[in-house]
Amino acid sequence: MKIATWNVNSLRVRLPHLLDWLAARAPDVVCLQETKCEDATFPAAELRSAGYCALHHGQRSYNGVAILSRSEPRVACRGIPAFADEQSRVIAADVDGVRVVSVYVPNGQSVGSDKYGYKLRWFEALAAWLATELAAHPNLAVLGDFNVAPEDRDVHDPLAWEGKIHVSEPEREALRRVVAVGFADAFRLFEQPEKSFTWWDYRMGAFRRKMGLRIDLALLSPALAGACRSCTIDLAPRKLERPSDHAPVLCELALG
DNA sequence: ATGGTAGAAACTCTA
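Going by our numbering, the residue at position 126 of the first sequence is 1111; the numbering climbs one at a time, nothing skipped.
Here you go:
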């Protein structure tokens, strides 16, 4: 199974890139974030024509997450159960014996802001829920935009970013508590190039200057981590005209 | 020096 995650920053705008990318990489499952559309305007027919089923948890203008799959998925939930959230940030589904979760963690805006508090509370709810999910589903994959760079090597300039949003210690601790539920960061299961990032600001030519962060992650349960054969960041779509500010991350799983 | 760009939507917010 090839499973991927991509923050597309508007599915409507990025649909041509997504369709080209699906044809080029042929993933079996794709977690999307920031679809920025309501369910009524989700391009299900275009994706179906490309060979993909889709489940969407949409929202007007902001957020929105989806799971695309070649096999028919069975929806598990939209949102974190028992966590009231007006924002569409989680969808989970069962696909070919794997429970797949697409997550869009709150950005947090700036350290100490109201949105930062919401981000930390959101992470806490995610960790509590995933503990119960992992207990019930040995094949569990949680992919998405976590809006936290786990370590300094995931940051182009750790000194410049020190203490800032995406990097602050409370955010990293919150992410560690999610990982400590029992996941592996799939990217770090393998030797990787230095300065591997998944997001670059649109401004100041950040992508060209390799000024990025690795904030899009694939967290795998022990069973799936043992089956993981590769995890790579695909820079090609970020080089196109009018790209998403995020690159897709792709994992290959050897499932029996 | 607090800039710059992009998306959605509606003259501003979010990232």
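We put the beta carbon where it would ideally sit given N, CA and C, even for glycine.
On a predicted model such as this, the values are computed, not experimentally measured, just so you know.
(request) State the beta-bridge partners of D1079 as determined by DSSP. (result) R1059 and R1084
(request) State the start and end residues of the unbroken alpha helix (DSSP H) segment that holds A1029. (result) A1029 to S1034
(message) Which complete alpha helix (DSSP H) runs does the region 1171 to 1201 hold, if anything under 4 residues is left out?
(response) Counting only runs of 4 or more, we get nothing.
(request) For Y1103, name the three-state secondary structure that DSSP assigns. (result) helix
(request) For F1108, count neighbouring C-beta atoms within 10 Å of its own C-beta (all shown protein chains included) and say buried if the count is 16 or more, exposed if not. (result) buried
(message) Considering only their Cβ atoms, is the gap separating C1016 from L1128 smaller than 8 Å?
(response) In this structure, C1016 lies closer than 8 Å to L1128 by Cβ.
(message) Assuming L1007 is part of the alpha helix (DSSP H), what are its boundary residues?
(response) L996 to R1010 is the extent of the alpha helix (DSSP H) around L1007.
(message) Determine whether the beta carbon atoms of V1075 and V1050 lie at a separation below 8 Å.
(response) yes
(request) Express the C-alpha separation of S1098 and L1105 in angstroms, rounding to a whole number. (result) 11 Å
(message) Give me, in chain order, the residues of the same chain whose beta-carbon lies closer than 6 Å to that of Q1018; leave out the 5 immediate sequence neighbours on both sides.
(response) N992, V1050, Y1089, G1129 and D1130
(message) Using only the alpha-carbon positions, how far apart do Y975 and A1078 sit?
(response) As shown, the chain starts at 986 and ends at 1241. That puts residue 975 outside it, with no answer to give.
(request) Rounded to whole angstroms, what's the CA-CA distance from C1038 to R1059? Just pull it up for me. (result) 10 Å
(request) With distances taken Cα to Cα, identify the nearest neighbour of S1206 among M1196, P1233, G1167 and E1237. (result) G1167
(request) May I ask you to list the residues that DSSP assigns as paired with D1130? (result) Y1089 and D1201
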